[in-house]
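Remember, our numbering sits 613 above the position in the sequence shown when you count from 1. Everything on this sheet refers to the single structure shown next.
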Amino acid sequence: MRSLTQPAPVAHTIAPAHRKRPWLLTALGFAALALPGAVMIVPFVWMIATSLKAPGTALTIPPELIPRAPTLESYRRVAATVPLLQMFKNSVVVTAASVTGQLVTSALAAYAFARMRWRGRDVLFLLYRRRSRSNATDQPRQ
C-alpha cells in the first residue's frame, strides 16, 4: 500500500516537436477547403433566397440573390395547402412502429442466439452480423 506522502509515479512523455508550416501553404490549404465549401453552401443560400421572393419573381433576369422585398407568402401558401401536421403525425406513427418492431424482434433474436443451441445457429448469426454492418442502401454487387 502506498503512503499518502509518497507521490504516484508519473510517466514521462516527450511532446511531439511542432513543425512550422509556411504561411503560404496554410493559406492555400484553407483556400482549397473554402472553394468546395462555397460550392456546397451556395445552393442552400439560393434556395432560401428564392423562397423569400414574391411568387413569379424567382426566375427574373438578371437573377438577384437578395430579394428587394422579402416575403413569407410562399410559406403561408404551403402551410395552407399541404397538411403538414398530418404528415408529421404519420411520420411519428410509422417511426414508432418501426422502432418498436425492431426492438422486439432484435431482443428475441438476441436471446435465441445467446441462450439456445441449434444446428446452423453460428452460420445464421454470421449472416445476421454481416447484414447489420452493411448499409441498407447498398447496391448488390454484379
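Even glycine gets a Cβ: it sits at the ideal position worked out from N, Cα and C.
Asked	Found
Using the C-alpha atoms, what's the distance from residue 713 back to residue 706?	11 Å
With a Cβ-Cβ cutoff of 8 Å, do residue 662 and residue 674 count as a contact?	no
State buried or exposed for residue 702, treating a residue as buried only when at least 16 other CB atoms are found within 10 Å of its CB.	exposed
Taking the C-alpha atoms as reference points, what is the distance between residue 687 and residue 669?	11 Å
Can you have a look at residue 633 and say buried or exposed, based on whether 16 or more other CB atoms are within 10 angstroms of its CB?	exposed
If the criterion is Cβ atoms closer than 8 Å, does the pair residue 684 and residue 697 meet it?	no
Please check the pair residue 732 and residue 726, which I expect to be a contact at CB under 8 Å, by giving their CB distance rounded to whole angstroms.	That belief does not hold up - the Cβ atoms of residue 732 and residue 726 are roughly 14 Å apart, past 8 Å.
Rounded to the nearest angstrom, what separates residue 724 and residue 709 at their Cα positions?	23 Å
Residue 645 to residue 658, Cα distance in whole Å?	21 Å
Suppose you measure from the CA of residue 711 to the CA of residue 739; what does that come to, to the nearest Å?	24 Å
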